[in-house]
Amino acid sequence: MGVLIGVLLVALALTGLFVGVSDVTPGSLSRGGAGGDAAFLLVASRIPRTLAAVLVGASLGIAGLIMQMLVRNKFVEPGTTGVSEFATLGMLVTMVFLPGLAVVGKMGVAAVFGLFGTWVFLRVVRVVPVRQLVLVPLVGIMLGGVVGAVTTFSAYRLDLLQSLGQWSQGSFATVMQGRYEFLWIAGLMVGIAWFAADRFSVVGLGEEFATNLGLDHRRVVAVGMVVIAVITAAVLVTAGMVPFLGLVVPNVVSLIIGDNVRRAIPWVAGLGAVFVLACDLIARVVRFPYEIPLSVIVGIVGAALFLWLLLRRRSRAH
Amino acid sequence: MLTDPTSTESGALPSAGLHRSRLAASWASPRSRLTVLGAVVLALTAGYLFTDVPGSLAFALRVRGLTVIAMLVVATAVGVSTVVFHTITQNRILTPSIMGFDAFYVLISTVIVFFSGSAAFLAFDQFALWLIQVVVMVGFSVLLFTWLFGGKRRSIHLMLLVGIVLGTFFRSVTEWMQRMLDPLDFQVLSDAMFASLTRPDEALLALTAGLVVLGCALVAPLLRTLDVLTLGEPAAVGLGVDHKRVVMVLFVGVSVMIAASTALVGPILFFGLIVANLAYSYAGSFRHVWTLPAAVLIGMTCLLGGQLVLERLFGFGGTLSTVIDFAGGLFFLYLVLRKGAR
Amino acid sequence: MIALENVTKRYGRQAVVDDVSITFGGEGVTALIGPNGAGKSTLFGLVGRLLQPDEGRITVDGMDVASTPSSELAKVLAVLRQDNHVAARLTVHDLVEFGRFPHSRGRLTLHDREHIEDAIGYLDLGPYRNRFLDELSGGQRQRAFVAMVLAQDTEYVLLDEPLNNLDLRHMAEIMRLIRRMADELGKRVVVVLHDINFAATYADRIVAMRNGIVMADAPAREVMRPDVLAAVYDTPVDVREIDGKPVALYHG
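Chains as they are written, first to last, in the numbering used here: chain G, 2 to 319; chain F, 1175 to 1516; chain X, 533 to 784.
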């Protein structure tokens, strides 16, 4: 299975390099040489785009995985907990008050808002009596809906609705050299998550359990929150909202190899990357030469997978 | 605290209980609380109808009267459906609108604008639009319900989550379409996507009112059964409630009311949340005989009071529902975070 | 009597109640015992019509549970599940009133009020009648729920692990109460218990389950034998006679 994911990853990435409006093929590359148009396109657009897709998929999968550990619920991810919506609100705030801010600054503000959103959600989950597994994402989505409504209303009043939509709707069409590099920050977060993997595993077993093992529960949770918020914000400013990915990928991995975080992290990262690469390819091919926004494809595929996970669980549960 | 059962009768007086009942008596029964609220609503209505009349009183009364009726219809639909929804889901921080009703509303409008342009959308037969929206929304919720609640293992929370996932799906399709609109079409569409209570179409208002009355008629005979449902499904079944059938009827009532009012004035998301939660604490009783009318009256108070303040003090009347959604959102955050403090 | 004929309930492929045929609920107290996962609570869920059997038929006094209106059954059979959680803030009195719902559909008659007063009095809840449930101790809350079931005025009373989360004193208090309900009020009480010795002391008859099947159904004294209990719990159990009563020892 691991080999399969690796092979898929490489195959999809290579295919992605050669699919697009302009003609970039191994043939045109060799004809044009290092200074040719095709080579320029490859370096300036296609390679960044492929790297961006890999980084987005991997880091969102990880963000979902960590969130699921922190909340101890299989059905959460930044998009079902209000974190993405808070980050979007942060984006709006920068558009209104700091319009000249560089993208990295926008990302920073969005990350701070995302962090606040994570905190709010964790606080809510701690106190809302939760017996039902699916009630947790319901509350999170409600929370997200509220924040989203505040954002939408403000954007509407300020005539920023459509430009906010440009940001929040996922697409790699605008990803080019010089625009995608923030995603390496998300990649760094994946590294941190990998490093702290065992700690997240223990936290996933509960606060008492963690404390009993001599772990500083609060600090691990804080690190996890930062990882989630930064990944969400980095993805938002480069590729927009990518719904369900952080939920679906870790769940599929958990079905295959179980819940040990250290073991799961490479799988989640790999499968997440494959997922986004595949969706991005579909988005570019379906209405060629036009592109469908990535979030639409991810929304459709992700929603279908999410429903399958939900209903499958139902037939097995108790 | 607990004394042996054989000695409690001769035990100390239960001072806490007595104290509470005296307190409760001083702040009147649910009946008088509601009477006070009703008087407030009447006063606000009079204030809205008869003050600050620019020209002919008859004309002002006619226009404003329609607005007041629209408010009453919306307050009833939202208040009743939210309280009922809270009871059947055993949860007080959800609203029926999260099930994607608003997604449908926006989707249908977007599809029309997308395929025939904003001019055709503005010229589109209001009645047909309303009808399409009501039918699609009710049809969707009933399908969802029979699919996930009609089977052997029934979970209302699962049903909601599936509804939301589907809603997200429709929303991403909608967003994609909206992105391909030209800015003018988009402007027309986004104006239509925010609820507006003023100047409703008379015929549609009558139809909506009819559906809301129908919804209430479905709920009314089940008022006492609703009380039993607050105990949760196991206890309610033990007390002889045909849980599946009752929840089905209530759910249809909720869908019809929400669909009708959404199709009339546009999506109102979090208004019900404020209204229902205020009603629980104000009514001073868990019984639906009191909480339902309290929710409706509080809804009227919010709408009328808000309209008066916005229109007369700030001079913009059309944005009431959005302001209310905004306030509702903040209230929701307050609600969940305050529970955190406890 | 409550009768099950070839009743099976499966979750996935696993039968939690496996082709069970049994008649129980005679006069007095019947205890349902067995290890975790034996199917006791599922059996209660089936009788209390919270679950539908995959196969078989369940009747209460000859009425088919599947076809008799739920409200009719609620007049003969009261079920109290474990972990009763109420979201709304109810007072003890509110809760007990609900017991009359099957009879009055919420419109209380004088007769209903008598039943409510009797139930509150019987459980010594008078001093707490206006307290909210979330202000009560675990034992008091359990008594309030029992009072509701009592106000329901049914012949059969099914209690699913009523001793959960109670301390020793309140456990004994609830068991004494169950005994009194059977002796003084003529209720036929069926109770799921984890503690075999409580079952032996207070029950007339014991039904023992394991892996979805009924292992024993006999007067308490006959079930309280080392071989029977060892088979039910799959662990050695010694039974000694103390003051003429059988007591199970399972600590060795």
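The C-beta atom is built at its ideal place from N, Cα and C for all residues, glycine as well. The structure displayed is predicted, hence computed values, not measured ones.
query	result
Cβ-based neighbour list, Val-1309 (chain F), same chain, cut-off 7 Å, excluding 5 preceding and 5 following	none
Residues bridged to Met-595 (chain X) [DSSP beta-bridge criterion]	X:Val-592
DSSP beta-bridge partners of Tyr-1456 (chain F)	None; Tyr-1456 (chain F) has no bridge partner.
Per DSSP, cross-strand counterpart(s) of Gly-560 (chain X)	X:Arg-720
Beta-carbon contacts of Pro-768 (chain X) that lie in its chain and below 7 Å, excluding the five residues immediately before and after	Ala-762
Contacts that Asn-616 (chain X) makes with chain F (C-beta to C-beta distance below 9 Å)	Leu-1405, Gly-1406, Pro-1408, Ala-1409
Alpha helix (DSSP H) segment containing Pro-1357 (chain F), residue limits	1357 to 1366
Coil, strand or helix - Phe-183 (chain G) by DSSP	coil
Cβ-Cβ distance between Ala-1366 (chain F) and Ser-1283 (chain F) below 8 Å	yes
For Pro-1408 (chain F), the three-state DSSP class (helix, strand or coil)	helix
DSSP state of Glu-693 (chain X) mapped onto helix, strand, coil	coil
Where the beta strand (DSSP E) containing Asn-538 (chain X) begins and where it ends	534 to 543
Neighbour list for Val-1415 (chain F) in chain X, Cβ cutoff strictly below 7 Å	Ser-602
Nearest residue (CA-CA) to Phe-1500 (chain F), options F:Phe-1444, F:Ala-1450, F:Leu-1484	F:Phe-1444
Helix, strand or coil at Lys-607 (chain X) according to DSSP, with G and I counted as helix	coil
Proximal residues of chain G, C-beta to C-beta of Glu-1349 (chain F) below 8 Å	Gly-166, Gln-170, Pro-294, Ser-296, Val-297
Euclidean distance between Cα positions of Ile-301 (chain G) and Leu-627 (chain X)	47 Å
DSSP state of Lys-777 (chain X) mapped onto helix, strand, coil	strand
When G:Ile-63, G:Leu-5, G:Val-11, G:Glu-182 are compared against Gly-225 (chain G), the one with the closest alpha-carbon	G:Ile-63
Bounding residues of the beta strand (DSSP E) (the contiguous stretch that carries Asp-749 (chain X))	745 to 751
Alpha-carbon spacing of Val-1210 (chain F) relative to Ser-1455 (chain F), whole angstroms	15 Å
Val-611 (chain X) beta carbon less than 8 Å from that of Ile-534 (chain X)	no
Per-residue contacts from Pro-768 (chain X) into chain F (C-beta, under 9 Å)	Under the 9 Å cutoff, chain F gives no residues; its nearest Cβ is about 36 Å from Pro-768 (chain X).
Proximity below 8 Å, CB of Leu-1355 (chain F) to CB of Phe-1289 (chain F)	no
Glu-587 (chain X) in three-state terms, based on DSSP	strand
Three-state secondary structure (DSSP) of Ser-255 (chain G)	helix
Interface residues of the region 1290 to 1320 of chain F facing chain G [CB-CB below 9 Å]	none
Residues that DSSP places opposite Arg-742 (chain X) in a beta bridge	X:Ile-745
Those residues which DSSP pairs with Tyr-688 (chain X) across a bridge	X:Leu-609, X:Arg-720
Arg-1398 (chain F): contacting residues in chain X (beta-carbon distance under 8 Å)	Phe-633, Arg-637, Gly-638, Arg-639
Under 7 Å from the C-beta of Val-1402 (chain F): neighbouring residues of chain X	Phe-630, Phe-633
Close-in-space but distant-in-sequence residues of the same chain around Thr-623 (chain X) (CB under 8 Å, 5 per side omitted)	Arg-661, Asn-662, Arg-663, Phe-664, Leu-665
Closer than 8 Å at the beta carbon, the chain G residues around Gly-1503 (chain F)	Val-147, Val-148, Ala-150, Val-151
Asp-1375 (chain F) - DSSP class collapsed to helix/strand/coil	coil
Through-space distance from Leu-159 (chain G) to Ala-1409 (chain F), alpha-carbon basis	51 Å
Ala-620 (chain X) - DSSP class collapsed to helix/strand/coil	coil
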